[in-house]
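Input: a single structure, listed below in structure tokens.
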Amino acid sequence: MLQFGQREPDLDYARRPTAFGLVFHDGRLACVRVDRGEGSYYDLPGGAIDGDETEEQALVREFVEETGMSVRPFARIAEASQYFRKSDGQPINNIGGFWVAEQLSLDPAAKVEADHELVWLHPHTALNELRHDAHAWAVAAWLRR
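Each residue of the sequence shown is one higher than the one before, counting from 1 in UniProt numbering.
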């Protein structure tokens, strides 16, 4: 599995199973802008797998929580890991799959994460703007198909 990010040798990185999604509409990619003031950033929708969820179940839940979008994952196109530090400073290694998914519906009232905003970026813009190298790599892998 590809590993992205720089591991700081004195930190213990928690292993976090994850799933992230690529949804395209009119030539644009669904991304989330996470509002952290001047430290705001872009991610692919998705996140941690809870309990005994499958990657697909986690992805469906995360899309609704972050964007209000209902999706149907249909193709797992990549797998990668990403070392990073969460906003609270906790060192994490996200490990999991990247899925192409179909948008089924959009209900902004269903979104529960107030600091997340659905934005549609051109895939080449996303390559430059996504916070995690693993996310940009997954977009590039999809573009090269």
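Note that the Cβ used here is the ideal one computed from N, Cα and C, for glycine as well.
*Out of curiosity, what's the CA-to-CA distance linking Arg33 and Pro45?*
9 Å
*Quick one: what does DSSP say Leu88 is sitting in, helix, strand or coil?*
Going by the sequence as given, residue 88 is Asp instead of Leu. Coil.
*Tell me, please, which residues DSSP counts as bridged to Tyr83.*
In the DSSP assignment, Tyr83 forms a beta bridge with Asn93.
*Burial state of Leu143 (16 or more Cβ within 10 Å)*: exposed
*What three-state label does DSSP hand Gln57 in the structure shown?*
helix
_the stretch 2-9 in contact with the stretch 71-88 per 3-pair CB rule at 8 Å_ = yes
*Which same chain residues, not among the five before or five after His132, have their C-beta less than 6 Å away from its C-beta?*
Within the same chain, Gln82 come within 6 Å of His132 by CB-CB distance, once the 5 residues on both sides are set aside.
*Just the Cα atoms here: how many angstroms apart are Val60 and Arg72?*
7 Å
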